[in-house]
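Novice:
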Amino acid sequence: MMRRGIGTYRLNRTESRIFRLARPYLQVRDNELHAQNAVEFALKLLTFYDAERAVVIPAMILHDVGWSRVSEEITRKASRPHGDRQLARVHEAEGVKIGRKILEEVGYDEIRTAEILAIIDGHDTRDETLSINDRIVKDSDKLTRFAKNFWFWTGQLPMEPEELAGTLEGMIDQWFFLPESKEMARVEIARRRLEMDNRDVAPK
Ligand SMILES: [Fe+2]
499 MMRRGIGTYR LNRTESRIFR LARPYLQVRD NELHAQNAVE FALKLLTFYD
549 AERAVVIPAM ILHDVGWSRV SEEITRKASR PHGDRQLARV HEAEGVKIGR
599 KILEEVGYDE IRTAEILAII DGHDTRDETL SINDRIVKDS DKLTRFAKNF
649 WFWTGQLPME PEELAGTLEG MIDQWFFLPE SKEMARVEIA RRRLEMDNRD
699 VAPK
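Just remember that the working numbering sits 498 ahead of the position in the sequence shown, which is counted from 1.
1. Go through its chain and collect everything with a Cβ distance to residue 554's Cβ below 7 Å, but skip five positions before and after it.
2. Helix or strand or just coil, what does DSSP make of residue 656?
3. Kindly examine ligand 1 and report whether one of its heavy atoms sits closer than 7 Å to the Cβ of residue 532.
4. Beta-carbon within less than 8 Å of residue 652's beta-carbon, same chain only, minus the 5 sequence neighbours each way: which residues are those?
5. Going along the chain, which residues of its own chain have a beta-carbon closer than 6 Å to the beta-carbon of residue 694, five neighbours each way excluded?
6. From this set, 602, 609, 608 and 619, which residue's C-alpha is nearest residue 589's C-alpha?
7. Of all residues in the structure, which have a C-beta closer than 5 Å to any heavy atom of ligand 1, taken in chain order?
8. Answer with buried or exposed for residue 683, where buried requires no fewer than 16 other C-beta atoms within 10 angstroms of its C-beta.
9. Under a three-way DSSP split, which group does residue 589 fall into?
10. Could you give the DSSP three-state label for residue 502: helix, strand or coil?
11. Buried or exposed: where does residue 583 fall if 16 or more other Cβ atoms within 10 Å of its Cβ makes it buried?
12. Under a three-way DSSP split, which group does residue 544 fall into?
13. Do you know offhand how far residue 690's Cα is from residue 547's?
14. Just to confirm the assignment, what range does the alpha helix (DSSP H) spanning residue 528 have?
15. Can you tell me which of the three DSSP states residue 647 falls into?
Printed below as a string of structure tokens:
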């Protein structure tokens, strides 16, 4: 399979190593691409804020590894736009266990590890945020739905692309914590609409 690469050069050695160890756990849903794209958004947001890259990027890479331990049926139910939160809780708890194992394997700093795991533990089901690090992770996670994961989800959900775009657009103010994220989400939705237009005129 062709690797849809993140500019991996943008990751430092430790981050790349964490990504390599996480990759086997990112082969369900569209999670490898999702993690890569979320890292890209997080790197952008890190340029605007005094946040800690050594917490944000590992948390971003590892946040969804727990889906690998969840049955397909539960994953499907939990992944709907207004999916069951209790179901999403399972992948968070599993993600903490796998994340801890990976961070121990690379010998990661213990204090940072604790913060990373706390972020993973509530990345979908905790409404309040713990820190600017957490806000960047939560926003970047959601931003991928507007970007590289958009076309994957249109295939998964019983929705037309335009309907999904409208639904996502309606969530911008509710979902995002940071103004830069809202801006990026709007830019991405505009890009998806252009792609839709191009699809409509493309020869079948
Ligand atoms: Fe995610």
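Cβ atoms here follow ideal geometry from the backbone N, Cα and C, with glycine treated the same way.
Everything numeric in this text was worked out from a predicted model, so none of it was measured.
Specialist: The structure says:
1. 540, 544, 631, 634 and 635
2. coil
3. yes
4. 658, 659 and 662
5. 659
6. 619
7. 562 and 639
8. buried
9. helix
10. Unreliable placement is indicated for residue 502, whose pLDDT of 46 sits below 50; the coordinate value is still reported in the next sentence. Residue state, collapsed to three classes: coil.
11. exposed
12. helix
13. 27 Å
14. Unbroken run through residue 528: none, as it is neither H nor E.
15. coil
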